[in-house]
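Numbering (the numbering used here), first residue to last: 130 to 288.
Remarks on the structure that follows.
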């Protein structure tokens with residue numbers, strides 16, 4: 130897989146192996162799985178839970194905006210992913226410059242969802258040991274690392 134940035138700020142992923150193209154293609158669906166990641170995506174603004182008024186205000190005014198932002202990000206990513214052609218030899222993904230924030234958002238949502246759904250802890254995520262790709266858990270950890278790598282590349286592209 131090659132990662133390119135054009136002079137106009139467009140990012141392209143080219144020559145993706147079908148496995149990684151599959152991980153990219155499923156990103157919007159994975160990012161939408163919020164059930165177990167609620168506390169990470171929508172943290173309690175009161176912390177200890179003592180300030181009920183702050184919590185109510187946050188639930189009424191902040192959370193709906195975050196939910197819309199998360200959904201809009203997933204929609205943008207889904208549109209970009211739909212342009213991929215896995216049947217072509219040079220399967221490529223084109224990410225317009227103004228879509229990069231949405232990609233960073235969706236990648237973060239997906240990583241949080243996978244981590245929370247599978248009970249990964251910091252030791253699992255620290256890259257000291259390669260994941261055991263012979264297990265479902267190892268493949269999920271590879272997915273988390275791949276999404277993190279894409280985030281890193283996108284941050285560098287806009288930096």
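The beta-carbon is built from N, C-alpha and C at its ideal position, and this holds for glycine as well.
All values reported here derive from a predicted model rather than from experimental measurement.
Original post:
Quick one: what's got a C-beta closer than 8 angstroms to residue 273's C-beta in the same chain, skipping five residues either side?
Top reply: Residue numbering aside, residue 273 sits at position 144 when the chain shown is read from its first letter. Answer for residue 273: 240, 243, 244, 249, 254, listed in chain order.
Between which two residues does the alpha helix (DSSP H) containing residue 292 stretch? For residue 292 there is no data in the structure shown, the boundaries of the chain being 130 and 288.
Exercise for review: Report yes if the CB atom of residue 287 is closer than 8 angstroms to the CB atom of residue 224, and no otherwise.
Suggested key: In the chain shown, counting from the first residue as 1, residue 287 sits at position 158. In the chain shown, counting from the first residue as 1, residue 224 sits at position 95. Against a cut-off of 8 angstroms, the Cβ pair of residue 224 and residue 287 comes out as no contact.
| said: If I follow the unbroken alpha helix (DSSP H) through residue 240, where does it start and stop? | reply: Mapped onto the chain shown, residue 240 falls at position 111. That run of the alpha helix (DSSP H) goes 229-247.
Residue 177 to residue 169 span [Cα, whole Å]
The sequence position of residue 177 within the chain shown is 48, counting from 1. The sequence position of residue 169 within the chain shown is 40, counting from 1. Straight-line Cα distance between these residues: approximately 15 angstroms.
Q) CA-CA distance, residue 247 and residue 162? A) For this step, residue 247 is matched to residue 118 along the chain shown. For this step, residue 162 is matched to residue 33 along the chain shown. One C-alpha to the other measures close to 12 angstroms.
> With C-beta atoms as the reference, is residue 206 less than 8 angstroms away from residue 231?
Replying inline: By 1-based counting over the chain shown, the position of residue 206 is 77. By 1-based counting over the chain shown, the position of residue 231 is 102. Taking 8 angstroms as the Cβ cut-off, residue 206 and residue 231 qualify as a contacting pair.
Classify residue 235: buried if its beta carbon has 16 or more other beta carbons within 10 angstroms, exposed otherwise.
Here residue 235 refers to the residue found at position 106 when the chain shown is read from its first residue. With 16 or more other Cβ atoms within 10 Å, it is buried.
Give the DSSP-derived three-state secondary structure of residue 141 in the structure shown. Locating residue 141 in the chain shown gives position 12, counting from the first residue. Residue state, collapsed to three classes: strand.
Which value, in whole angstroms, describes the spacing of the CA atoms of residue 186 and residue 165? Looking up residue 186 in the chain shown gives position 57. Looking up residue 165 in the chain shown gives position 36. Using only the alpha carbons, I get a separation of about 23 angstroms.
Reduced DSSP category for residue 203 - H, G, I as helix; E, B as strand; rest coil: In the chain shown, residue 203 corresponds to position 74, counting from 1. Residue 203: helix per DSSP, three-state reduction.
Inset, instruction - On a CA-only basis, which of 237, 140, 155 is nearest residue 211? Give me that one, please. - result: Here residue 211 corresponds to residue number 82 of the chain shown, with the count starting at 1. Nearest neighbour of residue 211 by Cα position, chosen from 237, 140, 155, turns out to be 155.
task = Please go through the same chain and pick out, in chain order, the residues whose beta-carbon is closer than 6 angstroms to the beta-carbon of residue 221, but skip the five residues on each side of it.
result = The residue labelled residue 221 in the question sits at position 92 within the chain shown. If we look at residue 221 and ignore the five residues flanking it on each side, its Cβ neighbours are 141, 143.
### Task
Starting from residue 223, follow the beta strand (DSSP E) in both directions and report where the run begins and ends.
As a first step, residue 223 is located in the chain shown; it is residue number 94 there, counting from the start. Its beta strand (DSSP E) spans residues 222-224.
Report task. For the alpha helix (DSSP H) containing residue 289, list its first residue and its last residue. Result -> Nothing in the structure corresponds to residue 289, since the chain is present only between 130 and 288.
Own chain, CB closer than 7 angstroms to residue 275, minus 5 neighbours either side, in chain order:
Position 146 of the chain shown, counted from the start, is the residue given in the question as residue 275. Closer than 7 angstroms at Cβ, skipping near neighbours: 149, 152.
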